[in-house]
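Protein chains in written order, with my numbering: chain A, 1 to 319; chain B, 1001 to 1371.
A quick write-up on the structure given underneath.
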Amino acid sequence: MTRLNAKYIPLIATAIVLLVSFGTGSLLYPNFGTPRVFVNLLNDSAFVGVAAIGESFVILSGGIDLSVGSMIAFIGILIAKLLQAGWDPFIAMSIALCFGVAAGAGMGCLIHFFELPPFLVTLAGLFCFRGLGFVIHQESIEIDHPFYSQVLPQLSFLVAPKAVMPFTAMCFLASVIFGTFLASFTRFGRNVYAIGSSENSARMMGLPIGRTKVGLYALAGFFSALGGIVATFYMQSGNPASFVGLELDAIASVVIGGTLLTGGVGFIPGTLMGVLILGLIQQIIIFNGTLNSWWTKIVIGALLLVFIILQKLIARPTA
Amino acid sequence: MIDWIPDLIFWIVFCAILFCSRKQRVFWTVGALGLLLLFNQFFTPGFFRIELLDGHFYGSLIDVLNQGAKVMLLSLGMVFVIATGGVDLSVGAIMAISAAVSSRLLVSEHQPALIAVTVALFISLAAGLWNGMLVAGFGIQPIVATLVLMVAGRGIAQLITEGQIINFLDPTMVYIGNGHLFALPFTLTIVLVMLGVTLIVVRRSALGLYIEAVGDNAEASRYSGVNAKQVKLFVYTFSGFCAGLAGLVACSNIKSADANNIGLYLELDAILAVVIGGTSLQGGRFYLIGAVIGGLFIQTLTTTLYARNVSSDISPVPKAIVIIIVCLFQSEIFRERLSRYIRPLGRILPWAGARPRENISRITTHDTPER
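Shown next as structure tokens:
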């Protein structure tokens, strides 16, 4: 019973931090506690969130994916360029998703078949996608397509008075649900947890290591690409120079969401909360007005530290 | 007239170095650097030209040495961290902090350059010590422990500069990154002195052995009387110090401290340099000179791309390809497969340190218990 509880402590701690930060915001600023701010929060952190779901799977398996930020930037400029060339948005998005899956699977193959460290392979991915983005186009391209200007606004709906849930936020929530389902209720998800706990044990149990590993990097690539698509909805443009260092935000929100970086322990809904905490910190700093944006980084760093030490304290008795 | 004579001398010296290192791990790194230089010899006109202007040497090769100093300094510290089986992601952020502290002291507080430099280096030491404490004291996974400072460090640096880009003109401070000693860039002197001192300390005392022992098996080294925690603490502190030095060089180079951009992605370059130098990310062995040559290799690659008019935005792509190729050649499974297909290479590879083929059945590699 105590062991079962230990598994949930980081998740509970994350929930408490989320509630406390939302509570502080609501107490300090009169309009903070409205549904509208919350929906905005979902909207602002949608693309980071979608990418963080993919990152969660990689971290659950004990790996790491550094290529998230440049992948999002690359997909953004790819879609913007294809739309500018007169392609249908759905075809452009399908191409983007296929590219994400293929690139992720490629990195997964290098990691699995040649036993290269995930850190270096995805680092190569980071450099590669960043450069490829600039190969497509050197500067920012604005997206000027009827799908973006007319269809997308209609896909949002009213969830509360004065709070319109945009399509990006729905994409984010759908990804969370899909990710949770995949991680907790499928054979693939259990294999990911098993590999993250101990790859050798998983192999000796006869679990399909190769298929799972390649599959989960492909999945991470898919989520990154989806994050890139959501980012084009949000930004209405594609820019190869954007989202530098986004992978750090994604990794930080996964860790703050209660997932152990050693792998094997964590929950996808935790990542949702982690992303929201990061977004809330930014919102509070914006609401405050006198604090500068660099405080965000310091607070996130401090939160990371607290959570890491918390995880260490929890892991000690069971290990 | 006889333009090719200096080149010829260069290549004779280079081949001699290559020949001397033929039985060492560093052979592959030197060889890779040689291939890159050979490419430039034939396809980049003027790459090897060195001119003497106002008593200083100028040219692409000198530029490589000067610009590569930052990565070489970082990899000098990083190589020990990686040898203990860890990794230090925070060096870029520590560079920014060091640059911010020194220029703030110089400009806003009107302190002499010597004090600014000393304080900046002490703060970098403290930052490294902090990483070491998290890793050794709390037993936190190195990637995570250093991630904290990587995220927060740039924020702290901006806090110190108050979000401004601080420009300075103090001659001593400018000299660090732009000065010349014996007609060569002063940065080269910094790197060589650091390399020399480190090499002596590490190889003439038992410290190097301790570091490798901790990286090989921290538990076993503890049983044999090595204070693994102290070794780890030292390693991260030293990496912090090297990062601080690199930060000073970086801000002196451009005569200003930009907390957002100084050392951005340089931690990745440093890790890459160490890996190219032959040190495995698994830890256990380190190749100090290899790491420095690895740093030189990365800078040569960058300079080559600039010299060939490849836009700096696109240059990450070839870099990524090089990372993958280098990593593949370090993977024993890849070498084993390659040597199966290409017979002559199979005969050469064991000579350069690949394991004999019969030992690399996949089952034996996988059944080894986790460390």
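Just so you know, even glycine gets a beta-carbon here, dropped at the ideal spot from N, CA and C.
In this text the structure is predicted, and so the values were computed from the model without any measurement.
For residue i and residue j, what's the separation of their Cα atoms in angstroms?
{"i": "residue 210 of chain A", "j": "residue 112 of chain A", "result": "6 Å"}
{"i": "residue 1372 of chain B", "j": "residue 10 of chain A", "result": "In the structure displayed, chain B extends from 1001 to 1371; residue 1372 of chain B sits before or after that span and is not available."}
{"i": "residue 227 of chain A", "j": "residue 46 of chain A", "result": "8 Å"}
{"i": "residue 1053 of chain B", "j": "residue 1319 of chain B", "result": "32 Å"}
{"i": "residue 1156 of chain B", "j": "residue 67 of chain A", "result": "25 Å"}
{"i": "residue 120 of chain A", "j": "residue 1328 of chain B", "result": "11 Å"}
{"i": "residue 197 of chain A", "j": "residue 1176 of chain B", "result": "48 Å"}
{"i": "residue 1189 of chain B", "j": "residue 1181 of chain B", "result": "7 Å"}
{"i": "residue 274 of chain A", "j": "residue 304 of chain A", "result": "10 Å"}
{"i": "residue 1035 of chain B", "j": "residue 1337 of chain B", "result": "23 Å"}
{"i": "residue 976 of chain B", "j": "residue 1059 of chain B", "result": "Lying before the first or after the last residue shown, residue 976 of chain B is absent from chain B, which here runs from 1001 to 1371."}
{"i": "residue 48 of chain A", "j": "residue 190 of chain A", "result": "25 Å"}
{"i": "residue 1202 of chain B", "j": "residue 313 of chain A", "result": "35 Å"}
{"i": "residue 1018 of chain B", "j": "residue 1276 of chain B", "result": "16 Å"}
{"i": "residue 1308 of chain B", "j": "residue 1131 of chain B", "result": "40 Å"}
{"i": "residue 299 of chain A", "j": "residue 159 of chain A", "result": "31 Å"}
{"i": "residue 1247 of chain B", "j": "residue 290 of chain A", "result": "29 Å"}
{"i": "residue 1214 of chain B", "j": "residue 1032 of chain B", "result": "30 Å"}
{"i": "residue 117 of chain A", "j": "residue 1082 of chain B", "result": "13 Å"}
{"i": "residue 1239 of chain B", "j": "residue 1080 of chain B", "result": "8 Å"}
{"i": "residue 1266 of chain B", "j": "residue 1333 of chain B", "result": "29 Å"}
{"i": "residue 1070 of chain B", "j": "residue 1194 of chain B", "result": "12 Å"}
{"i": "residue 1074 of chain B", "j": "residue 122 of chain A", "result": "21 Å"}
{"i": "residue 259 of chain A", "j": "residue 1324 of chain B", "result": "29 Å"}
{"i": "residue 1168 of chain B", "j": "residue 167 of chain A", "result": "49 Å"}
What does the Cβ neighbour count give for residue i, buried or exposed, with the cut at 16 atoms within 10 Å?
{"i": "residue 150 of chain A", "result": "exposed"}
{"i": "residue 1151 of chain B", "result": "buried"}
{"i": "residue 24 of chain A", "result": "exposed"}
{"i": "residue 124 of chain A", "result": "buried"}
{"i": "residue 174 of chain A", "result": "exposed"}
{"i": "residue 1210 of chain B", "result": "buried"}
{"i": "residue 272 of chain A", "result": "buried"}
{"i": "residue 65 of chain A", "result": "buried"}
{"i": "residue 1269 of chain B", "result": "buried"}
{"i": "residue 1037 of chain B", "result": "buried"}
{"i": "residue 249 of chain A", "result": "buried"}
{"i": "residue 240 of chain A", "result": "buried"}
{"i": "residue 1299 of chain B", "result": "buried"}
{"i": "residue 1154 of chain B", "result": "buried"}
{"i": "residue 128 of chain A", "result": "buried"}
{"i": "residue 232 of chain A", "result": "buried"}
{"i": "residue 1020 of chain B", "result": "exposed"}
{"i": "residue 1220 of chain B", "result": "exposed"}
{"i": "residue 184 of chain A", "result": "exposed"}
{"i": "residue 1204 of chain B", "result": "exposed"}
{"i": "residue 329 of chain A", "result": "It is not possible to answer for residue 329 of chain A, since the shown part of chain A is limited to 1 through 319."}
{"i": "residue 1316 of chain B", "result": "buried"}
Smallest Cα separation from residue i: which of the options?
{"i": "residue 99 of chain A", "options": "A:79, A:88 and A:188", "result": "A:79"}
{"i": "residue 1306 of chain B", "options": "B:1165, B:1015, B:1028 and B:1063", "result": "B:1063"}
{"i": "residue 398 of chain A", "options": "A:34, A:126 and A:17", "result": "Since the first and last residues shown for chain A are 1 and 319, residue 398 of chain A lies out of range."}
{"i": "residue 1172 of chain B", "options": "B:1147, B:1184 and B:1251", "result": "B:1251"}
{"i": "residue 1198 of chain B", "options": "B:1138, B:1043 and B:1076", "result": "B:1076"}
{"i": "residue 62 of chain A", "options": "A:276, A:19, A:217 and A:306", "result": "A:217"}
{"i": "residue 56 of chain A", "options": "A:180, A:295, A:308 and A:276", "result": "A:180"}
{"i": "residue 1004 of chain B", "options": "B:1033, B:1027, B:1049 and B:1020", "result": "B:1049"}
{"i": "residue 1376 of chain B", "options": "B:1258, B:1322 and B:1118", "result": "It is not possible to answer for residue 1376 of chain B, since the shown part of chain B is limited to 1001 through 1371."}
{"i": "residue 323 of chain A", "options": "A:59, A:75, A:19 and A:188", "result": "Coverage of chain A is limited to positions 1 through 319, which leaves residue 323 of chain A absent and any answer about it impossible."}
{"i": "residue 288 of chain A", "options": "A:140, A:138, A:225 and A:27", "result": "A:27"}
From the DSSP output, which residues share a beta bridge with residue i?
{"i": "residue 1184 of chain B", "result": "B:1181"}
{"i": "residue 244 of chain A", "result": "For residue 244 of chain A, which the question treats as bridged, DSSP gives no partner whatsoever."}
{"i": "residue 292 of chain A", "result": "Residue 292 of chain A pairs with nothing; no bridge assigned."}
{"i": "residue 1043 of chain B", "result": "Note: residue 1043 of chain B sits in no beta bridge, so no partner."}
{"i": "residue 90 of chain A", "result": "DSSP output for residue 90 of chain A lists no bridge partner at all."}
{"i": "residue 237 of chain A", "result": "A:142"}
Please determine whether the Cβ atom of residue i lies at a distance below 7 Å from any heavy atom of the ligand ATP.
{"i": "residue 166 of chain A", "result": "Among the ligands in the structure shown, none appear at all, so the ligand ATP cannot be discussed."}
Ranges of the beta strand (DSSP E) found wholly within the stretch 9-53 of chain A, counting only runs of at least 3: Fully enclosed beta strand (DSSP E) runs of 3 or longer: not present.
If we require 4 or more residues per run, which alpha helix (DSSP H) segments fall completely within the stretch 1275-1325 of chain B? 1288-1307
Please list the segments of the beta strand (DSSP E) lying wholly inside the stretch 1095-1158 of chain B, counting only runs of 3 or more residues, in order along the chain. No beta strand (DSSP E) of 3 residues or more sits fully in the stretch 1095-1158 of chain B.
At which residue ranges does the stretch 108-145 of chain A contain complete alpha helix (DSSP H) runs of 4 or more residues, listed in the order of the chain? Within the stretch 108-145 of chain A, the complete alpha helix (DSSP H) runs of at least 4 residues are 118-136.
Taking only runs of the alpha helix (DSSP H) that begin and end inside the stretch 170-224 of chain A, which ones reach a length of at least 4 residues, in chain order? 187-197 and 199-204
Alpha helix (DSSP H) segments (min. 4 residues) lying fully within the stretch 260-309 of chain A: 268-288
Beta strand (DSSP E) runs wholly inside the stretch 1030-1084 of chain B, at least 3 long, in chain order: 1050-1053 and 1056-1059
My parser needs the alpha helix (DSSP H) runs of 4 or more residues fully inside the stretch 1242-1279 of chain B; what are they? 1266-1276
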